[in-house]
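Residue numbers (the working numbering): 24 to 202. No residue lacks a Cβ here, since even glycine has one placed at the ideal position from N, Cα and C. These numbers come from a predicted model, not from an experiment.
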């Protein structure tokens with residue numbers, strides 16, 4: 024794809040997508056739904072299963088990567104969210120958390136405590152190192168585009184790199200970094 028044109032909808036899939044028996048890519052859903060068992064089931068059925076690792080600790084991510092490899096020999100992907108660079112207004116966050124805290128009882132929802140003072144980059148490099156060493160067939164990113172050096176490192180490890188985009192400008196940015 025070049026920046027001068029959008030891809031034609033009938034272009035043949037390539038890379039990992041070309042090898043799928045079924046045209047299904049399971050969404051990497053943070054917060055619990057994306058388990059190694061679900062991702063492996065999708066991959067074993069001919070689609071592409073995904074693990075969402077952004078909200079996972081390093082030991083949990085390692086366990087999930089080990090588990091999915093035990094459950095499938097098929098291609099799968101892992102997803103990370105790009106950390107926001109925006110400053111968090113802790114007063115607004117605290118006020119919103121108080122509002123939400125009054126809601127869960129009526130819906131049976133339990134809210135986990137949040138620590139807005141934690142840096143968005145806490146543990147990020149260790150997670151990236153783990154993923155690069157695990158060499159998953161696909162690594163995808165959402166809510167932003169990774170830097171070129173990261174994409175190059177993942178490619179060198181044998182992973183395809185995908186980026187969720189919301190329009191042509193973001194697609195061109197992803198293409199420019201090699202995703």
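field: Residues that DSSP places opposite residue 184 in a beta bridge
entry: 162
query: Does the beta-carbon distance from residue 46 to residue 91 come in below 7 Å?
result: no
task: For residue 42, name the three-state secondary structure that DSSP assigns.
output: helix
query: Where do the N-terminal and C-terminal ends of the beta strand (DSSP E) with residue 101 fall, by residue?
result: Looking at the DSSP string, the run of the beta strand (DSSP E) that includes residue 101 is 99-104.
- prompt: Which residues bound the beta strand (DSSP E) around residue 74?
  reply: 72-75
- request: Indicate whether residue 99 and residue 62 have their beta-carbon atoms separated by less than 7 Å.
  value: yes
task: Could you check what DSSP says for residue 111 in three-state terms: helix, strand or coil?
output: Taken through DSSP and simplified to helix, strand or coil, residue 111 comes out as coil.
field: Own chain partners of residue 196 with C-beta closer than 7 Å, once the 5 adjacent residues on each side are dropped
entry: 168
query: Is DSSP giving residue 170 helix, strand or coil here?
result: Here residue 170 sits in coil by DSSP.
query: Which partner residues does residue 48 have in the DSSP bridge list?
result: 71
- prompt: Smallest Cα separation from residue 39: which of 159, 80, 121, 146?
  reply: 159
- prompt: Looking at the structure shown, is residue 83 part of a helix, part of a strand, or coil, going by DSSP?
  reply: helix
Cβ neighbours of residue 51 in the same chain (closer than 6 Å, five flanking residues each side left out): 57, 73, 75, 102
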